[in-house]
Amino acid sequence: MTLPSLRRKGYAAAVTTPEIDVQQHLPLVKKLAGMLMARLPASVEMDDLVQVGIIGLIDAARQFDPLQGVQFETFASQRIRGAMLDELRREDWLPRQARRQARQIEDSINKLEQQLGRAPLESEIADALGVELDDYQSMLGDCKGLSLVHFEDFSDGEGETLNDAIANIEDNNAPNPLQVLADSDFRQALVDAIKTLPERDQLVMALYYEQELNLKEIGAVLEVSESRVCQLHTQAIARIRAKMKEWL
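For what it's worth, this note's numbering labels the leading residue of the sequence shown as 1444, then goes sequentially.
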């Protein structure tokens, strides 16, 4: 979706506003879209995220008030990211088959860590799954978009997924997932889990979340392909989830 087409959709005023040059901030949209791509399945197109992000950028330009003392880039980033996430929530980020594979990977990692007393190698995880290393790495690609916490993680004390509607009715006595995530003990447990990652996985997480590099830039640092960085990121999340499941 180009800026001319956006004008036809009723965004002309924001595109031509003298205060905010929307086109000047298009790289910000692309940067935020690139940051999100590592957490999304292969079915999501980068161009689709950029198009939705541009609409968020234009809305930000319309609503921005410089008197609030906030830089436009900061204000726009929240709007752009929010627009992208709102659009993605309308889709199923991860197919059921990929979710099953993700759980198999997490279970294998958890069992191997208990057996070995350390973080297992990729080859060891592949052996535990009964697949070749290339097939395991392909599974990681399919699981791209794996979240740190799923709704199912809070569903059952026995670790079973609750599929029926009655089981998913709110339990006022159950812990609130958002409160759990905000709890300082959870944050400390998350920090401890990250520290147990292999050095390369820790580096990927630091470059992505702290330095805010995109996958291509991280690949240049590690001297590997962008798809390989995506695999490492997915594997790091799976390792952390395997650790955090016990805490949850």
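A virtual CB, placed ideally from N, CA and C, is assigned to each residue, including glycine.
In whole angstroms, give me the CA-to-CA distance for residue i and residue j.
i	j	result
E1653	M1478	12 Å
D1490	I1637	32 Å
S1566	L1576	6 Å
T1677	V1472	23 Å
V1465	F1515	11 Å
A1702	E1666	The chain is shown only over 1444 to 1691; residue 1702 falls outside these bounds and no answer can be derived.
V1513	F1507	9 Å
R1682	R1524	26 Å
A1519	L1475	11 Å
P1692	L1658	Nothing can be reported for residue 1692, as the shown portion of the chain is limited to 1444 through 1691.
Y1579	L1646	21 Å
T1639	I1501	42 Å
V1495	I1680	26 Å
E1488	V1634	32 Å
D1599	K1686	With a pLDDT of 46 at D1599, under the threshold of 50, the predicted position of this residue should be treated as unreliable, though the coordinate-derived value follows. Going from the Cα of D1599 to the Cα of K1686 covers about 17 Å.
I1498	M1648	29 Å
S1778	Q1674	In this structure the chain extends from 1444 to 1691, so residue 1778 is not present and cannot be described.
V1664	E1530	32 Å
L1656	V1574	32 Å
G1560	S1551	13 Å
R1630	K1688	14 Å
V1493	R1539	26 Å
Go to residue i, then tell me how far its alpha helix (DSSP H) extends in each direction, as first and last residue.
i	result
A1504	1489-1506
Q1557	1539-1559
V1472	1469-1480
L1583	1576-1585
S1566	1565-1572
I1523	1515-1531
Q1645	1642-1648
G1512	Segment: none, G1512 is in no alpha helix (DSSP H) and carries neither H nor E.
I1661	1658-1665
Would you grab the beta carbon distance between residue i and residue j for me? Rounded to a whole angstrom, and I think it's under 8 Å.
i	j	result
A1504	I1463	4 Å
Q1547	L1572	6 Å
Q1558	C1586	Not really, about 23 Å apart at Cβ, beyond 8 Å.
A1569	P1641	Contact flag wrong, Cβ pair sits at about 15 Å.
G1584	S1668	Between S1668 and G1584 the Cβ distance is about 12 Å, and since that is not below 8 Å, they are no contact.
Classify residue i as buried or exposed, calling it buried when 16 or more other Cβ atoms lie within 10 Å of its own Cβ.
i	result
R1522	buried
D1644	buried
E1549	buried
V1672	buried
R1684	buried
G1662	buried
L1727	Residue 1727 lies beyond the stretch modelled for the chain, which goes from 1444 to 1691, so this question has no answer here.
L1483	buried
T1528	First, the residue type needs correcting, since residue 1528 is Leu and not Thr in the sequence shown. The residue is exposed, with fewer than 16 neighbouring Cβ atoms inside 10 Å.
L1510	exposed
When you compare the CB of residue i with every CB in chain D, is at least one pair closer than 8 Å?
i	result
V1495	No chain D is part of this structure, which consists of one protein chain only.
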